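These protein sequence lines are chains S and F, in that order.
Following the working numbering, the numbering of the first sequence begins with 1257 at its first residue and continues without gaps.
Following the working numbering, the numbering of the second sequence begins with 1257 at its first residue and continues without gaps.
Cβ atoms here follow ideal geometry from the backbone N, Cα and C, with glycine treated the same way.
No experiment lies behind these values; they were computed from the predicted model shown.
Number of protein chains: 2
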Amino acid sequence: MSKLGIKDIAARSGVSPATVSRTLRNPELVNKDTRKKVMKAVRESGYTPNRFGSSLRTQQSGNIVVMMPDITNQVNAGIIRAIEVEAQKAGYSVLLGDTQGQEARERHYAQMVSSGQADGILLYTHRLPFDLDNLTANLPPLVNGNESIEVDGLNKVMVDNVQGAKDGVNHLVALGHRRIAAVLGDNNAPSNRERLQGFQQALQQAGIEPDEQYLVQGDYTTESGMKAMEALLKLRKRPTAVFCFNDDMAIGAMSVLREYGYAIPGDISIMGFDDIRYASLMNPPLTTIHQPLEEIGQASMRLLLAQLSGKNPVPQHIQLPLRLVVRQSTGPAPASD
Amino acid sequence: MSKLGIKDIAARSGVSPATVSRTLRNPELVNKDTRKKVMKAVRESGYTPNRFGSSLRTQQSGNIVVMMPDITNQVNAGIIRAIEVEAQKAGYSVLLGDTQGQEARERHYAQMVSSGQADGILLYTHRLPFDLDNLTANLPPLVNGNESIEVDGLNKVMVDNVQGAKDGVNHLVALGHRRIAAVLGDNNAPSNRERLQGFQQALQQAGIEPDEQYLVQGDYTTESGMKAMEALLKLRKRPTAVFCFNDDMAIGAMSVLREYGYAIPGDISIMGFDDIRYASLMNPPLTTIHQPLEEIGQASMRLLLAQLSGKNPVPQHIQLPLRLVVRQSTGPAPASD
DNA sequence: TTTCGGGCTGAAAACGTTTTACATCGAAAG
DNA sequence: CTTTCGATGTAAAACGTTTTCAGCCCGAAA
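Structure follows, in structure tokens:
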């Protein structure tokens, strides 16, 4: 990779560096013939403008950073893929910020936008990795997705977790279930709290007494789903349906049930949340709440681009609907017991 | 975000910009007291060096790009997470290049390193997105992982697909299977060809006549696994075991078997490849070949860092072992037929 | 006392681009 | 024939760092 500069192109095509730059950035400002000459030289030499020279001058990096707690998660992966497509269309590159839930990593990635390495940031975590003092005024272009951060004036792309959970519960209630357990997700994830809220509201509306023992804490991992299920099976009065607040935990729960010889949904109905790629391929196929991953990614990117393009309108809050997908892991409540 | 520069810090702490820069990059070159003064000013003002000024001067972006066909794939996601961790440790950020198998996107991301936007590139695709003429000489720092590119002098991190497939077949043969089918992956993925090669070699060593009808083409997607399984079920002489060349296809195949009422492994044994997170949670748990994702990511990054740090030793070829994980989707061949 | 050298620091050049301000030229207008 | 103007091009400054080069100061050696 030789050091090919704009000056070389200028020399090659017999014009000044300025003209070369204009030809590349604002072709309409330069005469057609000159333009042709320059383009020819560019093509022949395989010149690519050095990003740093350009960025230094324009103060624009052309990067955005996407912060997620875990790229390995199917939901996050789906979202980031959509983001990447949109970003590329708009001429941006995406810097991956897998935070693994660690605040230090979150701050590290937040730094990137302060240092100019990125122009904006997409936050799918529940913490705002910026100092609180100079907060409200000068936040960088930013949109908060999925896990709602309790700060005013943020652009947000959320999903209707409350309604989603309600739909799930209603489905179970309609099947005759009364002893409905929930396996909660990560305790400090807003999404988890919202789902719990919807869960409890729906139960109440159905006239079902809330029962603490049917609320077991998980953390969105398959392992926690397994543990939770085991705990539930030890109960004197087992639930007839278990609503896991994501598919990973549901899949964990199902594997435990299989191991112990319970029939799904014959003995216990299982319901998930997310509709990951494998949900429909489970045995039995998992009833779950479908997340519009692509739409989430697209909407987030759209909001970010709006901010990046200078116009900084009223912060928007987009709320996308979820959709109950009934499959075969849920069925009528067992007649007896 | 105000425009806080090195000069501001210099002024604040009563030294020259040069000293500030040194304090930040080569602290050992500056007197302890001066250092303290400067650090104080830096802390108080919250200064972060502008990446472009720095990059422009040093010709180092601090970014690497990783190119993968699909981030949504569990294998890729696992690898990139490991990469990200290692990269951050070494002070690099990772630019996500999800190519979706499109050559245009591959070239786009390859450009990033020509334009200086990235210092190196991790290629998990089977094509080299650089022009062939000025090839051998001046390739950027690069390592090729998983899908081997047939070009001399590349640093590679591979997995022993041939042996992995052999291990799989041997396991099936040991269980008494003779009619063993394979569901192939993406036809132009080298990994697929290697697995096929191992598959065929193992069959031959076991003295089993190769049978064309037991080789059905897939493309590594769950859907293709489903289709392939359906095709296999239509055969006059059904196979007693099916080796799917990745877990996604195996999961698809299993769902088809369930739908048609076949017992796994009672009627047909199923074997996957990859050992994704959900493999052990399937019903029944999937026998498969485990991929050391973390090691792949780490080794790749290690090789890349070696190149980035200037020393450009003989190109290395790291080959990581795979491990057969026997679970319950494979069992003895049915006695009859 | 002078000389030397080591430890620090500062001035200034350099990195590669974009863009402002200005120059040139030809043609149209007076 | 001069003036004006638009179109096109150029020179040079600016962006924010890093780093070379040189210089200063001070203590040690001669």
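{"Asked": "When the cut-off is 9 Å and only beta carbons count, does S/Gln-1547 lie next to chain F?", "Found": "no"}
{"Asked": "Is S/Ala-1519 close to chain F? Criterion is C-beta to C-beta, closer than 9 Å.", "Found": "no"}
{"Asked": "Is any beta-carbon of chain F found at less than 9 Å from that of S/Tyr-1476?", "Found": "no"}
{"Asked": "Is F/Leu-1379 helix, strand or coil by DSSP?", "Found": "strand"}
{"Asked": "Just the C-alpha distance for F/Ser-1536 and S/Asn-1306, rounded to the nearest angstrom, thanks.", "Found": "48 Å"}
{"Asked": "For S/Met-1257, I'd like the list of residues in its chain whose CB is within less than 8 Å of its CB, leaving aside the five on either flank, ordered along the chain.", "Found": "Confidence at S/Met-1257 is low in this model, with a pLDDT of 43, below 50, so the placement of that residue should be treated as unreliable; the coordinate-derived value is given next. So the list is empty, once near-sequence residues are dropped."}
{"Asked": "Can you tell me the Cα-Cα spacing of S/Pro-1199 and S/Leu-1560, whole angstroms?", "Found": "It is not possible to answer for residue 1199 of chain S, since the shown part of chain S is limited to 1257 through 1593."}
{"Asked": "Closer than 8 Å by beta-carbon distance: list the chain S residues that pair up with F/Tyr-1516, in chain order.", "Found": "Within 8 Å Cβ-Cβ: nothing; F/Tyr-1516 doesn't reach chain S, min ~13 Å."}
{"Asked": "In whole angstroms, give me the CA-to-CA distance for S/Met-1368 and F/Thr-1544.", "Found": "41 Å"}
{"Asked": "Could you give the DSSP three-state label for F/His-1433: helix, strand or coil?", "Found": "coil"}
{"Asked": "Closer than 6 Å by C-beta to S/Arg-1435: which residues in its own chain qualify, once you throw out the five before and the five after it? Chain order, please.", "Found": "Pro-1495 and Thr-1496"}
{"Asked": "Which bits of chain S does F/Gln-1554 rub up against, with CB to CB less than 7 Å?", "Found": "Correct list: empty, because the minimum Cβ distance to chain S is about 15 Å."}
{"Asked": "Looking at C-beta atoms only, is the number of pairs between the segment 1349-1366 of chain S and the segment 1377-1386 of chain S that lie closer than 8 Å three or more?", "Found": "yes"}
{"Asked": "Counting C-beta neighbours from all protein chains within 10 Å, is the total for F/Glu-1403 16 or more, i.e. buried, or is it exposed?", "Found": "buried"}
{"Asked": "With a cut-off of 8 Å on the beta carbons, I'd call S/His-1382 and S/Ser-1525 a contact; round off their distance for me.", "Found": "Going by Cβ atoms, the distance from S/His-1382 to S/Ser-1525 rounds to 30 Å, so no, they are not a contact pair."}
{"Asked": "So, does the CB of F/Met-1257 fall closer than 9 Å to a CB anywhere in chain S?", "Found": "Note that F/Met-1257 has pLDDT 44, beneath the 50 cutoff, so the model's placement of it is unreliable and no number is given."}
{"Asked": "Taking only beta-carbon atoms, is F/Tyr-1534 less than 9 Å away from chain S?", "Found": "yes"}
{"Asked": "Based on the DSSP secondary-structure assignment, which residues constitute the bridge partners of F/Gly-1353?", "Found": "F/Met-1323"}
{"Asked": "Closer than 8 Å by beta-carbon distance: list the chain S residues that pair up with F/Val-1350, in chain order.", "Found": "Leu-1351 and Leu-1352"}
{"Asked": "Assuming F/Ser-1317 contacts F/Gly-1372 under a Cβ cut-off of 8 Å, what Cβ separation, rounded to an integer in Å, is found between them?", "Found": "6 Å"}
{"Asked": "Classify S/Asn-1411 as helix, strand or coil using the three-state DSSP reduction.", "Found": "strand"}
{"Asked": "Just to confirm my understanding: we take S/Lys-1259, look at its own chain, exclude 5 residues before and 5 after, and list those with CB closer than 6 Å. What are they?", "Found": "none"}
{"Asked": "Give me the Cα-Cα distance between S/Gly-1270 and F/Val-1399, rounded to the nearest whole angstrom.", "Found": "39 Å"}
{"Asked": "Please work out which residues of its chain come closer than 6 Å, Cβ to Cβ, to F/Gly-1261, disregarding the five sequence neighbours upstream and downstream, and give them in chain order.", "Found": "none"}
{"Asked": "Which complete alpha helix (DSSP H) runs does the segment 1492-1520 of chain F hold, if anything under 4 residues is left out?", "Found": "1503-1516"}
{"Asked": "Does any C-beta atom of chain F lie closer than 9 Å to the C-beta of S/Arg-1281?", "Found": "no"}
{"Asked": "So F/Arg-1579 is in the beta strand (DSSP E); what residue range does that whole segment cover?", "Found": "1579-1581"}
{"Asked": "To which residues does DSSP link S/Val-1399 through a beta bridge?", "Found": "S/Leu-1378 and S/Asn-1411"}
{"Asked": "Quick one: does S/Gln-1563 have its CB under 9 Å from some CB of chain F?", "Found": "no"}
{"Asked": "Between S/Pro-1446 and the rest of its own chain, which residues show a CB-CB distance below 6 Å, the 5 nearest in sequence each way excluded?", "Found": "His-1382, Glu-1403 and Ser-1404"}
{"Asked": "For S/Asn-1417 versus S/Glu-1450, is the C-beta distance shorter than 9 Å?", "Found": "yes"}
{"Asked": "With a threshold of 16 other CB atoms inside 10 Å of the CB of F/Pro-1283, please say whether the residue is buried or exposed.", "Found": "exposed"}
{"Asked": "Nearest chain F C-beta to S/Thr-1543 closer than 9 Å, yes or no?", "Found": "no"}
{"Asked": "How would you list, in chain order, the residues of chain S whose beta-carbon sits under 9 Å from the beta-carbon of F/Leu-1336?", "Found": "Position check: residue 1336 of chain F holds Ile in this sequence, whereas Leu was assumed. Here the neighbours are Ile-1327, Thr-1328, Leu-1352 and Asp-1354."}
{"Asked": "In three-state DSSP terms, what is S/Ala-1438?", "Found": "strand"}
{"Asked": "Counting along the chain, where does the beta strand (DSSP E) carrying F/Leu-1471 start and finish?", "Found": "1471-1473"}
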